[in-house]
Amino acid sequence: QLQADSFTPSQLQAGGIAVTQDGSRRSLYQVLSFPKVTFEDLITISPDLRDIEPDIAAQLSCDALYSNYIARQKKDVDAVQRDEALKIPEGFSYADIDGLSSELRGKLADRRPENLRQAQQVEGMTPAATMLLLAKLRQFNRLKAG
């Protein structure tokens with residue numbers, strides 16, 4: 001029901017929900033993902049939402065709020081899986097990666113993984129550290145190619 005209909009920014013604003021006036025239609029689920037929008041705010045636009053049980057409304061609010069973060073994480077996971085075979089060049093400096101702990105930099109420098117997949121297997125390598133390494137490898141490859 002929250003994703004069935006879409007509303008213009010003008011319709012949402014008329015219902016008391018401030019959104020960017022960019023002309024993009026949004027479902028109520030998308031609007032509910034905005035940090036300051038509550039389920040009660042949606043009822044002004046779609047009164048039949050009053051029929052939804054409070055515990056279900058709370059779960060929908062939570063799901064919508066975190067949907068953007070989950071989508072972003074899925075995108076990151078897809079990027080890492082796509083680039084697992086990405087080669088790490090000889091002499092690549094892990095010291096240049098801001099955000100990695102000195103301990104992890106040392107482990108990577110000692111083990112010298114050949115690709116991103118091997119780097120992920122180094123003890124202490126977190127998903128966030130993998131994303132930092134991937135970003136630095138892409139930057140390194142762009143500079144080398146350019």
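In this note's numbering, the protein residues as written are 1 to 146.
Idealized CB from N, CA, C, for every residue including glycine.
Source: prediction; values computed, not measured.
Quiz prompt | Beta-carbon proximity list for Thr130, same chain, < 8 Å, skipping 5 on both sides | solution = Translated into positions along the sequence shown, residue 130 becomes position 130. Cβ neighbours of Thr130 beyond the five flanking positions: Val80, Leu116, Ala119, Gln120.
Quiz item: Buried or exposed: where does Gln30 fall if 16 or more other Cβ atoms within 10 Å of its Cβ makes it buried?
Solution: Residue mapping note: residue 30 aligns to position 30 of the sequence shown, counting from 1. Burial call: buried.
Quiz item: Just curious, the alpha helix (DSSP H) that Lys74 is in, first and last residue?
Solution: For the purposes of this step, residue 74 is identified with residue 74 of the sequence shown, where counting begins at 1. Where Lys74 is concerned, the enclosing alpha helix (DSSP H) stretches over 54 to 82.
Quiz item: So which of Arg112, Arg142, Lys36, Gly99 has the shortest CA-CA distance to Leu132?
Solution: As a first step, residue 132 must be located in the sequence shown, where it is residue number 132. Comparing Cα-Cα distances from Leu132 to each of Arg112, Arg142, Lys36, Gly99, the minimum goes to Gly99.
Quiz prompt | Residue burial classification, Val77 (beta-carbon count within 10 angstroms, cutoff 16) | solution = Here residue 77 refers to the residue found at position 77 when the sequence shown is read from its first residue. Looking at its Cβ environment, which holds fewer than 16 other Cβ atoms inside 10 Å, Val77 is exposed.
Quiz item: Counting pairs of beta carbons, one from the region 84 to 93 and one from the region 60 to 70, are three or more of them closer than 8 Å?
Solution: As far as the Cβ criterion goes, the region 84 to 93 does not touch the region 60 to 70, which means the pair count is below three.
Quiz item: With which residues is Asn115 paired in a DSSP beta bridge?
Solution: Position 115 of the sequence shown, counting from 1, holds the residue named residue 115. The partner list for Asn115 (beta bridge, DSSP) reads Lys87.
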